[in-house]
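K.L.:
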Amino acid sequence: MATQSGEVESVEAAKYAALQVEIEECKAEPGTTLDMLHAVQRQFGYLEPRAVGMVADALGITKAQLYGVATFYTMFFFEPKPPVIARVCVNLSCHLRGAQDILHTLEAAATADRSGFEVEEVMCLGLCEQAPALLVNEVAVGQVSAAEALERVQASVAACNEGG
Amino acid sequence: MEQVCLRRIHNENSQDIESFMAHGGYAALRKALTEMTPSDVHEEVRASNMGGRGGAGFPTAMKWNFLVGAKGEPKYVLCNFDESEPGTFSNRIIGEEDPHLLIEGCVLAAYATGCSYIFIYIRGEYFLAYERVKHAIEQAYAHGFLGQNIMGSDFSVELYLRRGAGAYICGEETAIMNSLEGKRGYPRARPPFPANEGLFGKPTLINNVESLANLPDIVLNGGEWWQNLGVNEGAGLNIYCVSGHVERPGAYELPMGTTARELIFEHAGGVWQDRELKAWKPGGASSAILPADMLDLVLDFKPVQAAGTILGTAGVIVMDDHTCVVDAAIRDATFFEEESCGFCFPCRDGTRVLRMLLEQVRHGVAPPDTMDLIEHSSADMMGASFCGLGQFAPWPVVSTVRNFRSEYEAHIIEKKCPAGVCPMDGVEPNEHVDRRTLQEMLVAQKGGALA
Ligand SMILES: Cc1cc2nc3c(=O)[nH]c(=O)nc-3n(C[C@H](O)[C@H](O)[C@H](O)COP(=O)(O)O)c2cc1C
Ligand code: SF4
Ligand code: FES
Chain A
2 MATQSGEVES VEAAKYAALQ VEIEECKAEP GTTLDMLHAV QRQFGYLEPR AVGMVADALG
62 ITKAQLYGVA TFYTMFFFEP KPPVIARVCV NLSCHLRGAQ DILHTLEAAA TADRSGFEVE
122 EVMCLGLCEQ APALLVNEVA VGQVSAAEAL ERVQASVAAC NEGG
Chain B
34 MEQVCLRRIH NENSQDIESF MAHGGYAALR KALTEMTPSD VHEEVRASNM GGRGGAGFPT
94 AMKWNFLVGA KGEPKYVLCN FDESEPGTFS NRIIGEEDPH LLIEGCVLAA YATGCSYIFI
154 YIRGEYFLAY ERVKHAIEQA YAHGFLGQNI MGSDFSVELY LRRGAGAYIC GEETAIMNSL
214 EGKRGYPRAR PPFPANEGLF GKPTLINNVE SLANLPDIVL NGGEWWQNLG VNEGAGLNIY
274 CVSGHVERPG AYELPMGTTA RELIFEHAGG VWQDRELKAW KPGGASSAIL PADMLDLVLD
334 FKPVQAAGTI LGTAGVIVMD DHTCVVDAAI RDATFFEEES CGFCFPCRDG TRVLRMLLEQ
394 VRHGVAPPDT MDLIEHSSAD MMGASFCGLG QFAPWPVVST VRNFRSEYEA HIIEKKCPAG
454 VCPMDGVEPN EHVDRRTLQE MLVAQKGGAL A
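As you go down the protein sequences, you meet chains A and B in turn.
Sequential numbering from 2 applies to the first sequence in my numbering.
Sequential numbering from 34 applies to the second sequence in my numbering.
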């Protein structure tokens, strides 16, 4: 047990260290507040509070001020998330080509036990010519049936599980 | 057919600098830096008569004038790559498939207007485009097309790529500056205009990706050549994005001034599944929903405006005869409610009111005065909203009331959805629906008027 928790701690420490390097790089250039927050989310999967504090320190503002900025934007998460996020577009072009089917199919599957993914209804992803469209983490998926969309999401979950 | 921005996208490794240069890339920059003064470049853009592709169609050369005359250093080029208007994806295709074209355009704009820094602000959801543009920037620096003394000239410019994080309003020209400065993306009051006091308080030129991507060809072949590519008095080419119920959805770079009929039926393959056209939109969510009998509309800024709506981003959305216009309008209404930044009352509350009124129509529980209320709330929002989002948000809704009145009457009076799409189940929405006009609500709250 002791070694296991020790490992977890060192993994965490490595994340903070890697983040600190990214923060320093960002700090050298203007206009990088959102990039720093993206870096936090890349390391921790969400805006982990201690890491947000590191960004606030780098910017010379309070954590409260930084949360005030971060909460304006829809892509940031404020609690831990499953490894796969499916962002399903529900705007007009996708709606006309079956977005609701995809949404309902994925939502039903996501509520099942240990599904390993979460579904978000999002506004236009700029993939309208591929409607109905979604993002599976960072990958664009379009022109799919609800069943195909679910397969893509589950494949992504499986890949994440294999990767550790 | 002549192509400008989309000419290279089907080339192998089109996103790579070798491929770009093998197909004439960076030749315009070389020409500008070795043979032309900044005002020569400006002159060609003036001759092109290009209107900005970000939605407003504002003449690009005139916008550049403001910057050339502005005091303050340094000056910035801000490339607006926030592209979030539903139905619009031309910027994404340029960024993914021909990122060097965008970089070349940015450097030309900086040279012509005396800017020493370029920012590209790309929406957070464009992961692939971000990676491609980022890689292209590294290549451009390595080849000396960015940085100090570009191509041995005395012109130097630095380029920074920044990511948004999910907020349509950050495409608005002042909100994007607040966002880049690390603030919430609220719009700013104008004046001061960005050309005088923009990003970090300095003179800033803000242009759309597609506007900038046209610059290399304008410089190489001349503004007059580019202008003559248009038809029906249109200037140049324009990328029309077509989506919805067509056989071949996609981005079509065609002469500015192409009619909707030609675009939809000749290029996009017509309505899918051999169905009839029922309704269409000329320019993303912010534009009106129009009936099929307006198909001969010339898709250029002025003619569409004369018809009572906007060309906007030229994101054309097509709906077949199985569509219910109330069901379509509520998708746009939901978009604006979600994306309203909440800064001002008419838009924050108005977008919700419109969506709730449509919710009642869909469920067959809308009182008879609903169409009047939609008209009133829309007028209040158009007149009193602080920025373009709230001013244009009512269009998809109020236009369906005007253009498809009999369908609303069927829903409201006969309690029937003619297309058989709406639930019409008599269920009241579980949120409270305020049936006062926005004006009345505000008077009740604060004793004040809207505007
Ligand atoms: C709510 C709102 C959102 C906008 N979003 C974008 C956008 O995503 N991309 C864009 O280029 N312009 C957008 N615009 C228009 C910009 O304010 C600005 O006019 C444009 O970037 C100028 O570039 P152009 O002159 O090259 O068209 C938006 C405007 C409003 C009111
Ligand atoms: S009109 Fe809407 S988006 Fe614009 S400032 Fe007001 S609330 Fe924000
Ligand atoms: S409407 Fe779904 S991606 Fe644009």
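We put the CB at the ideal spot given by N, CA and C, even for glycine.
Remember, it's a predicted structure, so these values are computed and weren't measured experimentally.
Please list, in chain order, the chain B residues whose beta carbon lies closer than 8 Å to that of Val70 of chain A.
P.N.:
Correct list: Gly215, Lys216 and Arg217.
K.L.:
Within 10 angstroms of the Cβ of Lys314 of chain B, are there 16 or more other Cβ atoms? Answer buried if so, exposed if not.
P.N.:
The residue is buried, with at least 16 neighbouring Cβ atoms inside 10 Å.
K.L.:
Assuming Lys314 of chain B is part of the beta strand (DSSP E), what are its boundary residues?
P.N.:
Residues Leu310 to Lys314.
K.L.:
Flag Glu274 of chain B as yes when its Cβ comes closer than 7 Å to any non-hydrogen atom of ligand 3, and as no otherwise.
P.N.:
Sequence check: residue 274 of chain B is Cys here, not Glu. The answer is no for Cys274 of chain B.
K.L.:
Assuming contact is defined by CB atoms lying nearer than 8 Å, are Glu370 of chain B and Arg388 of chain B in contact in what I supplied?
P.N.:
Their beta carbons are under 8 Å apart, which means Glu370 of chain B touches Arg388 of chain B by this criterion.
K.L.:
Assuming the contact rule is C-beta atoms closer than 8 Å, Thr367 of chain B and Leu332 of chain B should be a hit. Round their C-beta distance to whole Å, please.
P.N.:
Contact flag wrong, Cβ pair sits at about 26 Å.
K.L.:
Listed in chain order, which residues are found with a beta carbon closer than 6 Å to a heavy atom of ligand 2?
P.N.:
Result (chain order): B:Ile202, B:Pro220, B:Ser373, B:Cys374, B:Gly375, B:Phe376, B:Cys377, B:Cys380, B:Arg381, B:Ser418, B:Phe419, B:Cys420, B:Leu422 and B:Gly423.
K.L.:
Does DSSP put Thr356 of chain B in a helix, in a strand, or in coil?
P.N.:
It is coil, neither helix nor strand.
K.L.:
Quick one: grab the DSSP three-state call for Leu135 of chain A.
P.N.:
Leu135 of chain A: strand per DSSP, three-state reduction.
K.L.:
So which of A:Glu119, A:Leu38, A:Leu128 and A:Thr106 has the shortest CA-CA distance to Val70 of chain A?
P.N.:
Of A:Glu119, A:Leu38, A:Leu128 and A:Thr106, the residue nearest in Cα terms is A:Leu38.
K.L.:
If you measure beta-carbon to beta-carbon, which residues of the stretch 96-121 of chain B are closer than 8 Å to chain A?
P.N.:
Correct list: Glu116, Ser117, Glu118, Pro119, Gly120 and Thr121.
K.L.:
So, helix, strand or coil for Asn254 of chain B, using DSSP?
P.N.:
Three-state result, Asn254 of chain B: helix.
K.L.:
What residues are listed by DSSP as bridge partners for Glu122 of chain A?
P.N.:
Beta-bridge pairing links Glu122 of chain A to A:Val89.
K.L.:
What's the gap between the Cα of Met2 of chain A and the Cα of Phe419 of chain B?
P.N.:
Its pLDDT being 46, under 50, Met2 of chain A is placed unreliably in this model, and the value from its coordinates should be taken loosely. Looking at the two C-alpha atoms, the distance is approximately 59 Å.
K.L.:
Ignore the nearest five residues each way along the sequence and tell me which others in Glu1 of chain A's own chain have a CB closer than 7 Å to its CB.
P.N.:
No answer is possible for residue 1 of chain A: it lies beyond the span of chain A, which begins at 2 and ends at 165.
K.L.:
Skipping 5 residues on each side, what residues in its chain have a beta carbon closer than 7 Å to that of Pro81 of chain A?
P.N.:
Gly46 and Tyr47.
K.L.:
When a residue counts only if its C-beta is closer than 5 Å to some heavy atom of ligand 3, which residues count, in chain order?
P.N.:
The filter returns A:Cys90, A:Asn92, A:Ser94, A:Cys95, A:Cys125, A:Leu126, A:Leu128, A:Cys129, A:Ala134 and B:Pro119, in chain order.
K.L.:
I'd like to know if Thr63 of chain A contacts chain B, where contact means its C-beta is closer than 8 Å to some C-beta of that chain.
P.N.:
False, the Cβ-Cβ gap to chain B never drops below 8 Å.
K.L.:
Val279 of chain B to Thr121 of chain B, Cα distance in whole Å?
P.N.:
Whole-angstrom Cα-Cα distance: 15 Å.
K.L.:
Tell me whether the beta-carbon of Ala134 of chain A lies closer than 8 Å to the beta-carbon of Leu126 of chain A.
P.N.:
Going by C-beta atoms, Ala134 of chain A is nearer than 8 Å to Leu126 of chain A.
K.L.:
Can you look up Gly180 of chain B in the DSSP assignment and give me helix, strand or coil?
P.N.:
Note: Gly180 of chain B maps to strand in three-state DSSP.
K.L.:
So the beta strand (DSSP E) Ala141 of chain A belongs to, where does it begin and stop?
P.N.:
Note, Ala141 of chain A: beta strand (DSSP E), Val140 to Gly143.
K.L.:
Applying a beta-carbon distance threshold of less than 8 Å, which residues of chain B neighbour Met124 of chain A?
P.N.:
Correct list: Ser117, Pro119, Tyr201, Phe368, Glu371 and Glu372.
K.L.:
Per DSSP, what kind of secondary structure is Ala207 of chain B in: helix, strand or coil?
P.N.:
Per the sequence shown, residue 207 of chain B should be read as Thr rather than Ala. In this structure, Thr207 of chain B counts as coil in the three-state DSSP scheme.
K.L.:
Taking the Cβ atom as the reference point for each residue, do Cys139 of chain B and Leu192 of chain B lie within a distance shorter than 8 Å?
P.N.:
Result yes, Cβ atoms of Cys139 of chain B and Leu192 of chain B sit closer than 8 Å.
K.L.:
Spatial neighbours of Asp458 of chain B within its chain, please: CB distance less than 8 Å, with the 5 preceding and 5 following residues excluded, ordered by chain position.
P.N.:
Taken in chain order, the residues that qualify are His396 and Gly397.
K.L.:
Identify whether Met2 of chain A lies in helix, strand or coil by the three-state DSSP scheme.
P.N.:
The predicted position of Met2 of chain A is uncertain, since its pLDDT is 46 and thus under 50; a value taken from the coordinates is nonetheless stated next. Correct three-state label for Met2 of chain A: coil.
K.L.:
Going by Cα to Cα distance, which pick from B:Ala347, B:His355 and B:Cys455 is closest to Ala312 of chain B?
P.N.:
It is B:His355.
K.L.:
Could you give the first and the last residue of the continuous alpha helix (DSSP H) run that contains Glu243 of chain B?
P.N.:
Counting along the chain, the alpha helix (DSSP H) containing Glu243 of chain B begins and ends at Val242 to Ala246.
K.L.:
If I measure Cβ to Cβ from Cys161 of chain A and keep anything under 8 Å in the same chain, skipping five residues before and after, which residues do I get?
P.N.:
These residues qualify, in order along the chain: Pro84, Val85 and Gly117.
K.L.:
When every heavy atom of ligand 1 is checked, does at least one fall within less than 7 Å of the C-beta of Phe368 of chain B?
P.N.:
No, Cβ of Phe368 of chain B sits at least 7 Å from all heavy atoms of ligand 1.
K.L.:
Where Arg86 of chain B and Gly345 of chain B are concerned, what is the direct C-alpha to C-alpha distance, given to the nearest angstrom?
P.N.:
Those two C-alpha atoms are separated by around 8 Å.
K.L.:
Quick check: is the beta carbon of Asp365 of chain B nearer than 8 Å to any beta carbon in chain A?
P.N.:
At least one chain A Cβ lies under 8 Å of Asp365 of chain B.
K.L.:
Could you compute how far the alpha carbon of Glu116 of chain B sits from the alpha carbon of Tyr201 of chain B?
P.N.:
So the alpha carbons of these two residues sit roughly 8 Å apart.
K.L.:
To the nearest angstrom, how far is the alpha carbon of Pro224 of chain B from that of Val56 of chain A?
P.N.:
The straight-line gap from Cα to Cα measures roughly 33 Å.
K.L.:
For the alpha helix (DSSP H) holding Cys139 of chain B, just list the boundary residues, first then last.
P.N.:
Where Cys139 of chain B is concerned, the enclosing alpha helix (DSSP H) stretches over Pro132 to Thr146.
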